[in-house]
């Protein structure tokens, strides 16, 4: 025999959240209670009509900004603990898995579509490889190319600086004690991220580069 | 002849202030009304502060301390810091260099984010020679690079370069978060090259603590192979959102409410902008590294079992015999301290010190408390155990003190 009361109420999590939020906010509010219920008790403890008792703040029934801030903080605390609880729940983990699977499947289908499109363009070409492999190879080659380019640029700079150093030294008499500066091997940077040649000009506001 | 000038138009800010001042006598009868008037005044101040916010964002610089790029490997850079006030090597009291290894998911400049909140400067001030690996974003073709490629490849080559340039035989290795785990792996394989190991919020035992990341990456609900297969390099948006969702209310609501409260304070504004810039500066991580770390570390906890594979090796942390300084945060939601603490029994060292402060994961690097107490002490700890530079006096090594173990 089924018992209808054994079924969990789907509204329970929502109700418990609001119950906890109100409880926390009530604690955060001053002893008088929630805004609007603070009352206007006179100093002698007798109740009075707002604005008509001597020595009583006529706006005492209103919440102060500090009180609202404390209540806001209590509400956010409740939200934080509820969200953490939810993100650890099996329901959330199941939903996360389903979302992941759907997103990854969509991505896979898109790649498949692009691959088919690319294959169609060069149909009959026996050298056509699957899209992913081609993309990987191209990405690898691009990375290698950019590293080689950077290395070549570095070498060209060093050769240029060597040549300019040699050209400066050539016309001088052998007896002169010239002290040529060694070419830089790496750029140096100041805090702002601007690149300056190592051993070059002093960085603005900073020290001259160290020898490394 | 007199020149006529148009009367100055009061600014909106001044007009608002004048209106508030005009209302004060009426509000004086009620403390509640006065409090609300003060609140209006603050709102006006906040509105007037927006140009300063925009200026702070525009003038933001990533690094606080000047440095030299010593060598690059693709986008990865090995950098060496200069003394900030124009001082040079003469400021260095210790010959043993420090190499900082950061995590692969963020940029490392959080360790040098502002002049008064720079871990790098704390060590420079302490007389150390500071180097750092700036991983930068991997290239699309790097998605097959494994943890072995990073530890035995990049880190090892950079260690050799630092030792060659400084003419030393050993260095101090400093690792933050995932970089700490990688530093420990490297030390276990090359103990002879590492004089001291400093770990900052580095995870080792994933069976402990109840962090959300561990829950989310559970093998039953998270297929790491599928993620890597789909993305190649794991994109920064994926990582950034994961970190953001660890504390969604704090990161998306409370933070901005706090910002609105304090945005008129220039020091707060400078620090807030610096941190926000860094937090949103996630970089992708190589897919193969992500897979290694999640599968063998977070999901299967193989590091503490001595079965974490790194290329042809299995990582045995007992091979670490140098002094170890373990720095942890008590309120770390990313790497709960329970995951870092076991390092003292996992390594073979007899000199292991643990220090903790009440802060979060990033607070270890940037909080005022850390810079007041923890970092000067860490620089001193390392100084006691480092080689003294030629011409400097003092004991090269000092026995560990009881006070080091806190």
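Residue numbers (my numbering), protein chains in the order written: chain F, 148 to 359; chain S, -12 to 393.
Glycine included, C-beta positions come from ideal geometry on N, C-alpha and C.
Residue i in three-state terms, based on DSSP
i                      : result
residue 290 of chain S : coil
residue 343 of chain S : strand
residue 83 of chain S  : coil
residue 316 of chain S : strand
residue 203 of chain F : coil
residue 394 of chain S : Here chain S covers residues -12 to 393 and nothing more, so residue 394 of chain S does not appear.
residue 295 of chain S : strand
residue 224 of chain F : helix
residue 181 of chain S : strand
residue 58 of chain S  : strand
residue 187 of chain S : strand
residue 375 of chain S : strand
residue 44 of chain S  : helix
residue 16 of chain S  : coil
residue 174 of chain F : helix
residue 190 of chain F : In this prediction, residue 190 of chain F has a pLDDT of 48, which is less than 50 and means its spatial position is unreliable; nothing more can be read from the coordinates.
residue 368 of chain S : helix
residue 231 of chain F : helix
residue 212 of chain F : helix
residue 160 of chain F : helix
residue 321 of chain S : coil
residue 3 of chain S   : helix
residue 349 of chain S : coil
residue 358 of chain F : Residue confidence for residue 358 of chain F is low, a pLDDT of 35 falling below 50, so the modelled location carries little weight; the figure read from the coordinates is stated next. Reduced to three states, the DSSP call for residue 358 of chain F is coil.
residue 328 of chain S : coil
residue 325 of chain F : Caution is warranted here: a pLDDT of 37 is assigned to residue 325 of chain F, below 50, making its placement in the model unreliable, and no coordinate value can be reported.
Chain-ordered chain F contacts of residue i [CB-CB under 7 Å]
i                      : result
residue 23 of chain S  : 212
residue 235 of chain S : 230
residue 365 of chain S : In chain order: nothing, as chain F lies at least about 23 Å away.
residue 240 of chain S : 223
Beta-carbon separation (whole angstroms), residue i vs residue j, contact threshold 8 Å
i                      : j                      : result
residue 340 of chain S : residue 317 of chain S : The pair is not a contact, with the Cβ atoms about 16 Å apart (cut-off 8 Å).
residue 148 of chain S : residue 56 of chain S  : Not really, about 12 Å apart at Cβ, beyond 8 Å.
residue 155 of chain S : residue 223 of chain S : Not really, about 36 Å apart at Cβ, beyond 8 Å.
residue 66 of chain S  : residue 118 of chain S : 7 Å
residue 172 of chain S : residue 297 of chain S : 6 Å
residue 293 of chain S : residue 303 of chain S : 5 Å
residue 52 of chain S  : residue 38 of chain S  : That pair is no contact at about 29 Å.
residue 165 of chain S : residue 281 of chain S : Wrong, their Cβ atoms sit about 11 Å apart, outside the cutoff.
residue 41 of chain S  : residue 184 of chain S : At roughly 43 Å, the Cβ-Cβ gap does not stay under 8 Å, so residue 41 of chain S and residue 184 of chain S are not in contact.
residue 167 of chain S : residue 186 of chain S : 4 Å
residue 81 of chain S  : residue 375 of chain S : 6 Å
residue 326 of chain S : residue 192 of chain S : 5 Å
residue 127 of chain S : residue 219 of chain S : 7 Å
residue 378 of chain S : residue 113 of chain S : So it is not a contact: roughly 17 Å between Cβ atoms.
Amino acids of chain S, ordered along the chain, whose beta-carbon sits closer than 9 Å to that of residue i
i                      : result
residue 207 of chain F : 17, 18, 19
residue 283 of chain F : 127, 128, 130, 131, 219
residue 226 of chain F : 235, 236, 240
residue 286 of chain F : 126, 127, 128, 129, 130, 219
residue 204 of chain F : 16, 17, 18, 19, 20
residue 244 of chain F : 207, 208, 209, 210
residue 263 of chain F : What residue 263 of chain F touches in chain S: nothing, since even the nearest Cβ is about 18 Å away.
residue 254 of chain F : 217, 218
Residues that residue i contacts on chain F, provided the C-beta gap is smaller than 8 Å
i                      : result
residue 26 of chain S  : 212
residue 213 of chain S : 247, 248, 251
residue 202 of chain S : 234, 235, 240
Proximal residues of chain S, C-beta to C-beta of residue i below 7 Å
i                      : result
residue 240 of chain F : 208
residue 294 of chain F : 61
Beta-bridge partners of residue i, as assigned by DSSP
i                      : result
residue 302 of chain S : S:295
residue 99 of chain S  : S:105
residue 93 of chain S  : S:269
residue 88 of chain S  : S:120, S:162
residue 311 of chain S : S:184, S:339
Where residue i meets chain F, residues with beta-carbon distance less than 9 Å
i                      : result
residue 199 of chain S : 231, 234, 235
Interface residues of chain S facing residue i [CB-CB closer than 8 Å]
i                      : result
residue 290 of chain F : 61, 126, 127, 128, 129
Please list the segments of the alpha helix (DSSP H) lying wholly inside the region 219 to 292 of chain S, counting only runs of 4 or more residues, in order along the chain. 223 to 233, 242 to 249, 253 to 266, 274 to 279
Jot down the residue ranges of each uninterrupted alpha helix (DSSP H) in the region 102 to 172 of chain S, minimum 4 residues, whole runs only, in chain order. 106 to 112, 143 to 153
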